[in-house]
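Reviewing the structure listed below.
Residue numbers (the working numbering): 3 to 638.
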């Protein structure tokens with residue numbers, strides 16, 4: 003093989019320029035540099051000196067360092083992309099937190115406005131009830147005045163009447179008699195009995211009904227307390243189960259990770275064994291080559307002076323590589339610091355999210371307390387009005403009994419006096435009979451009018467009692483509707499809380515997977531660095547053998563030297579090795595692109611899920627606010 007002459011390039015320029023190359027041009031550029039190194043060694047030695055195996059290994063390792071730096075830069079770009087994705091996720095979480103805080107403020111303002119509206123409605127209702135009570139009192143005063151006048155006008159009629167209380171038997175006897183044989187007193191007693199007995203039965207029924215309603219109200223209260231206690235107990239049990247479920251999911255993830263690690267070791271055992279066999283074959287070849295190199299050791303000792311100069315140049319390149327390594331280490335440290343800062347920021351955002359949840363629960367508790375207070379006030383007001391109606395009816399009945407008793411006493415007294423004066427006024431009775439007849443007819447008309455007035459008053463009282471009963475039933479129905487709406491809202495809130503917990507778990511899973519991926523990349527980097535040393539020695543040895551063969555003018559002797567150093571054996575030449583490396587890099591690029599596309603798809607799916615969850619949460623919040631407004635609207 004004839005010798006070739008090439009130009010010399012510094013090793014530092016090779017290291018700096020290789021970081022900016024694309025993966026497609028790796029094989030060609032590295033080949034040219036190796037030949038350039040060969041030409042430079044030819045120019046320095048003048049085609050008469052030989053190189054050692056260490057120089058070839060050093061050149062090969064420098065080239066492998068360049069390739070590994072390119073791979074490291076690609077991995078750094080991938081890490082930067084992943085960090086940018088996590089930054090976008092953190093920004094999205096911040097936006098969601100800001101939206102939640104804004105929604106909290108809006109709900110607080112809405113709650114205050116609704117409370118003000120409810121207070122104004124209560125004041126209006128109180129003023130309306132006051133006006134109605136004033137009108138009822140004025141009407142009662144008018145009726146009392148009218149009753150007083152009627153009592154004064156009916157005083158003369160009462161003197162002629164006796165006790166109007168009748169028993170059932172007496173009433174049946176008088177009912178069977180014809181109207182001609184019944185006196186006026188008996189006729190009035192019959193009509194009074196017919197008017198009073200249904201009222202007494204209605205009063206008894208109303209009292210029984212009020213007692214039953216009070217008992218039902220007490221039972222409903224006890225049931226409501228029992229249901230609230232059972233609800234609190236179930237809620238506590240549910241929180242305990244959720245915590246237990248989270249612990250079990252974390253344990254399941256740990257077990258899956260251990261299983262995956264065991265599978266990884268089991269799957270990679272054949273490849274590791276294959277590499278061990280290859281290394282053993284290489285060791286055998288190296289021992290054989292070492293025996294051949296012992297023969298040429300005498301010639302190598304002569305070239306030691308020239309190699310010292312080359313060692314100085316190589317030390318300069320090593321210092322440059324160390325500087326590059328320190329620069330990359332500093333960049334890695336800065337990125338780790340930024341990652342720690344972002345994790346702290348994420349923890350602070352999580353704490354703020356927990357505070358918003360607590361504030362939401364406090365507002366809900368205040369809303370429930372205000373609702374219970376308004377409900378109790380309404381029930382007390384209804385109970386007071388029923389008690390007032392009961393007192394009014396009892397007072398009116400007592401007044402009627404008292405007036406009838408006084409009328410009976412006066413009539414008895416007047417009749418006793420009339421019995422004494424009957425003999426003296428016998429003559430005047432015939433003359434006054436006609437006047438009494440006319441007066442009797444007039445008083446009978448007044449009595450009928452009074453009876454009509456009492457019937458109308460009794461009808462009004464019964465209508466009011468029915469109205470209050472209907473209002474009580476309506477209040478019970480409103481209470482049941484509010485309880486159903488509250489239960490539905492609580493179920494919706496629990497569903498949304500479960501969805502939020504699932505999303506947080508998915509986020510934590512993604513975070514753990516990214517951390518695992520970064521640790522795997524670190525371990526791979528360490529393995530590549532360990533392999534880099536062996537490949538540097540191998541490449542330097544190949545370069546030295548190639549240079550030594552190029553210095554020999556006889557082609558047969560050059561071929562013999564190459565075959566003696568392993569040319570055509572298991573150790574590949576530069577072109578074959580770099581072609582293999584280019585194929586490996588192309589496969590690695592395709593694999594990284596597939597991983598990138600899969601990660602992007604997962605990110606898009608997670609974004610869609612988060613958007614759907616946020617939309618559903620906003621819809622549930624609007625439904626909850628609408629349900630609260632309906633409850634406030636139904637309460638007045």
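All residues carry an ideal CB built from backbone N, CA and C; glycine is no exception.
6 Å CB neighbourhood of residue 459 in its chain, flanking five on each side removed: none
For residue 462, the nearest candidate out of 138, 74, 79, 57 (CA to CA): 138
Three-state secondary structure (DSSP) of residue 506: helix
Backbone CA spacing between residue 485 and residue 385 [nearest angstrom]: 22 Å
Identity of the residue in 408, 136, 435 nearest residue 154 by Cα: 408
Per-residue DSSP class, three states only, for residue 294: helix
Secondary structure of residue 41, DSSP reduced to three states: Because the pLDDT of residue 41 is 45, which lies under 50, any placement of that residue in the model is unreliable, and the question is left without a value.
Rounded separation between residue 203 and residue 147 - CA only: 28 Å
Secondary structure of residue 180, DSSP reduced to three states: coil
Helix, strand or coil at residue 235 according to DSSP, with G and I counted as helix: helix
Top-ranked residue by Cα proximity to residue 397, from 205, 176, 103: 205
Short Cβ contact (9 Å threshold) for residue 595 with residue 58: no
Simplified DSSP assignment, three categories, for residue 305: coil
Cβ pair residue 505, residue 611 closer than 9 Å: yes
DSSP three-state assignment for residue 14, whether helix, strand or coil: For residue 14, the pLDDT reaches just 40, beneath the cut-off of 50, and the residue's location in the model is therefore unreliable, leaving the point undetermined.
Where residue 212 sits in the DSSP three-state scheme: helix
Check whether residue 622 and residue 498 have beta carbons under 9 Å apart: yes
Three-state class that DSSP yields for residue 464 in the structure shown: helix
Which listed residue (403, 527, 208) has its alpha carbon closest to that of residue 466: 208
Coarse secondary structure for residue 427, derived from DSSP in three states: coil
Cβ neighbours of residue 356 in the same chain (closer than 8 Å, five flanking residues each side left out): none
Any 3 or more C-beta pairs closer than 8 Å across the region 327 to 343 and the region 441 to 459: no
Status (buried if at least 16 other CB within 10 Å, exposed otherwise) for residue 531: exposed
Per DSSP, the bridge partner or partners of residue 542: 59
Per-residue DSSP class, three states only, for residue 514: helix
Supposed close pair residue 605, residue 87 - CB separation, criterion 8 Å: 6 Å
Alpha-carbon to alpha-carbon, residue 372 and residue 364: 12 Å
For residue 509, the nearest candidate out of 150, 170, 608 (CA to CA): 608
Of the listed residues 180, 82, 76, nearest to residue 338 (C-alpha basis): 82
DSSP three-state assignment for residue 445, whether helix, strand or coil: helix
Three CB pairs or more closer than 8 Å across the region 187 to 197 and the region 169 to 176: yes
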